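A short worksheet on the structure shown next.
There are 2 protein chains.
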Amino acid sequence: MARTDPARAVTLTDVARLAGVSVATASKALNGRDQVKDTTRQRVVEAAERLSFSPNALARGLLAGRTGTVGLLTSDLEGRFVIPILMGAEDAFGAGQVSVFLCDARGDAIREQYHLRALLGRRVDGLIIVGRQTDPRASLGQDIPVPVVYAYAPSDHPDDRSLTPDNVGAGRMAVEHLVATGRTRIAHVTGEHAYAAARDRAAGVRAALAAAGLELVGDVMYSEWSERWGRDATAMLLEQHPEIDAVLCGSDQIARGALDMVHGLGRTVPDDVAVMGFDNWEVLTTNSRPELTSIDANLQQLGRTAAQWVFAALEGKDVGTGTEFVDGRLVIRGSTVPRR
Amino acid sequence: MARTDPARAVTLTDVARLAGVSVATASKALNGRDQVKDTTRQRVVEAAERLSFSPNALARGLLAGRTGTVGLLTSDLEGRFVIPILMGAEDAFGAGQVSVFLCDARGDAIREQYHLRALLGRRVDGLIIVGRQTDPRASLGQDIPVPVVYAYAPSDHPDDRSLTPDNVGAGRMAVEHLVATGRTRIAHVTGEHAYAAARDRAAGVRAALAAAGLELVGDVMYSEWSERWGRDATAMLLEQHPEIDAVLCGSDQIARGALDMVHGLGRTVPDDVAVMGFDNWEVLTTNSRPELTSIDANLQQLGRTAAQWVFAALEGKDVGTGTEFVDGRLVIRGSTVPRR
DNA sequence: CTGTTAGCGCCTTCAC
DNA sequence: GTGAAGGCGCTAACAG
């Protein structure tokens, strides 16, 4: 293991001493201030490199009031949503410029408070709160001393700033794609009715069908977000409505189950029946046979925007209030369009 | 959005003034030092609460030389391995006691150096480096001024401290389970030969078969870590070796493909053929029909141990050097044992 | 018991 | 150009 007792971290004082200047001069030299003779700067820089000096960001932050640090507080156990959001945020901040504290509250309000206190104590410059559903979540309140952006799960308070996928639009987009590929007898199998994501997508589906002069085959089928449900629902559908030519599923998991069952009942995808899902979870969509068309929620983009808002707010810009919706993106694969 | 210009964060000085004591006394009162009169402590605590004071961890860290902060530096894009490890680390540290910086180098050495500098500049107390394969990775070197533990991907330097899944043992464990359920004609379909995980598991498989007086059916089949390969390989296997009674797959993804193909060729799982995988990736294992037996790598445990080592090293304890292997855990589901 | 003093590492005035 | 001094918020050591 690396040296455990580092004697003492190297400080600006050490660099200054080695370069034979005062700390003030060393500071100026290293920070590109212009009131330093070139040769002096040279000496200081060399000394810093020789000691592999890295300035103490704590001391700097203490003085500056900025820490270059952001908290990402999530309740998304699996990391399925939070990871792309984290990556988007890193993109926006620039690697190494801003570091991100990632805390997982595990759906526990007490733990969330703990982490919140810890983050504020560490003087993060801003907070991004990531939920695991798109249903509004309880606001952290208005008296947090740093900018807060709610991502994925919007805040339930209108004065907060939130960013969430446009699931109504995603539902619409899905149906428009199916209609464009010539499908007219479309069913919708989705997850729990308790989830806004399920209800919103269904609303978009209905709207787009109406706009196309079509009707949904059967009712929207709500149940659990699982492959099992996808299989069961599809079996019922094909039994009751054999004329179906598309099963639009509320998630990629459900779609995988649907795909399975369509095959199991001797029909082909996409020729007899198109199947598509939502989320574009690649491990599911790119490994099925055929690969699965899906709507990607653009979470990385969402994370990038959230980070930009935090940043903008820090600079005193007004980023507004309320919830903004991020457009999804259609990813077409073999389950809706035959390879030619 | 929350208040953007916080005037100024509330400081111990504010609390002290409101309570009518000196900052030193306020500090002692809030930190449970015993040389404070009870009524005074009361007043200070009340003042702190009224102002919702939270101590500046930067200032504290500056003084103490400890920041209560750990860096988790990963190259695991998907977060599949890093998330359980992060959670284990949080468990070990205790929520709110230690905060974790999560940085994703995205497999880029330059970006890794950037993040490393940033983390050291922020004076993390320790580092956990998480790779995305179990193959040894380049050491960060011996002159990092804080304890470093390599998790999942061990370091290639013998003086570093590493923690990685015991894949040989996992392979053995898998075969022992299959043999215990009465299987004797076992094939092994796995991922890329370039991955130590694939080779190690295969070595364990061979060892356990030999110990049981059995032989592998055909050769170990190496190719890609995908469902597609699981399907293709299984089709070939059942064609060439129709006597097979178990397909042991190198990952859950491959196992899903195998399951698919066994069904597709009109055999039943687990009655005719048992199927099992590795990793216990629940979205795959618990949604198949039947559910998939797998070996869980105990990554959360791995994260917990890594964190404990960092912690121990910080307290000057010797945590040794070299690579330690974490045992896997057999998770039995319907794909190897029929429900009765 | 409480207050004063000093200093953690750094940066920013302000003299020289 | 360079150095000395002050202060960011906090705690430990020492006075009172």
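First to last, the sequence lines map onto chains A and B.
Going by numbering that gives the first Met the number 0, the letters in the first sequence line up with residues 0 to 339, in that order.
Going by numbering that gives the first Met the number 0, the letters in the second sequence line up with residues 0 to 339, in that order.
Ideal Cβ positions, reconstructed from N, Cα and C, are used throughout, including at glycine.
Since we're looking at a predicted model, the values are computed, not measured.
Of the residues assessed, P83(B) falls on the buried side of the cut-off, its CB having 16 or more other CB atoms within 10 angstroms.
Using a CB distance cut-off of 8 Å, T66(A) counts as an interface residue toward chain B.
The shortest CA-to-CA distance from G19(A) to any of A47(A), R7(A), V219(A) is the one to A47(A). Exclusion of the five residues before and after R131(A) leaves S74, D75 as the residues of its chain whose Cβ lies within less than 6 Å of its Cβ. For the pair G217(B) and A117(A), the Cα-to-Cα distance works out to about 56 Å. One alpha carbon belongs to I243(B), the other to L119(B), and they sit about 54 Å apart. Taking 7 Å as the cut-off between beta carbons, the residues of the region 92–111 of chain A near chain B are A94, G95, S98, V99, F100, L101, C102, D103, R110, in sequence order. Burial check for Q141(A): the Cβ neighbour count within 10 Å stays below 16, so the residue is exposed. Under the 8 Å criterion on CB atoms, M220(A) is classed as non-interfacial with respect to chain B.
At a beta-carbon threshold of 8 Å, the residues of chain B lying near Y113(A) are A94, G95, ordered along the chain. Inter-segment contact for the region 248–261 of chain B and the region 219–228 of chain B is present: three or more beta-carbon pairs are separated by less than 8 Å. Of all residues in the region 28–57 of chain B, those with a C-beta nearer than 7 Å to a C-beta of chain A are S53, P54, N55, A56, L57, reading in chain order.
Judged by their CB atoms, R110(B) and G319(B) are not nearer to each other than the 8 Å cut-off. Contiguous alpha helix (DSSP H) elements confined to the region 144–206 of chain A occur at 166–179, taking only those with 4 or more residues. Any Cβ of chain A closer than 8 Å to the Cβ of P144(B) would place that residue at the interface, and such an atom is present.
The beta carbons of S293(B) and L258(B) sit no closer together than 8 Å. Apart from sequence neighbours up to five positions away, the residues of its chain that approach S21(A) with a beta-carbon distance below 8 Å are A15, ordered along the chain. Nearest CB-CB separation between E223(B) and chain A: not below the 8 Å threshold. Approximately 13 Å separates the beta-carbon atoms of G229(B) and A197(B); this is outside 8 Å, ruling out the contact. For the options A152(B), E191(B), G203(B), G190(B), the alpha carbon positioned closest to that of V174(B) is the one of G203(B). In this structure, DSSP gives I82(B) a helical state, which the three-state scheme calls helix. When secondary structure is reduced to three states using DSSP, E314(A) falls in the coil class, being assigned neither helix nor strand. Counted as a single uninterrupted DSSP element, the alpha helix (DSSP H) harbouring T39(B) occupies residues 37–49. Contact holds between the region 83–102 of chain A and the region 120–129 of chain A, because three or more Cβ pairs, one in each stretch, are under 8 Å apart.
Here Q300(B) is buried, its C-beta having at least 16 other C-beta atoms within 10 Å. Residues of the region 241–269 of chain B with a Cβ closer than 9 Å to any Cβ of chain A, in chain order: Q252, R255, G256, D259, H262, G263. Taking 8 Å as the cut-off, the beta carbon of F100(A) is found closer than this to the beta carbon of S98(B). The C-alpha of R266(A) lies about 7 Å from the C-alpha of V272(A).
Collapsing the DSSP output to three states places A94(A) in coil.
Using a Cβ-Cβ cut-off of 7 Å, M86(A) is close to D103 of chain B, given in chain order.
Close CB contacts of L72(B) within its chain, under the 8 Å cut and outside five residues either way in sequence, are with C102, A104, E111, H114, L115, L118, L126, I127, I128, V129 (chain order).
At the C-beta level, E281(A) and R332(A) stay beyond 8 Å of one another.
In the displayed model, G19(A) falls within coil according to three-state DSSP, outside both helix and strand.
Under a 10 Å Cβ-count criterion, T12(A) is classified as exposed, with fewer than 16 other Cβ atoms of the shown protein chains found around its own Cβ.
For V123(B), the secondary structure class from DSSP, reduced to helix, strand or coil, is coil. Taking a Cβ-Cβ threshold of 7 Å, none of the residues of chain B is close to N166(A); the smallest such distance is about 21 Å.
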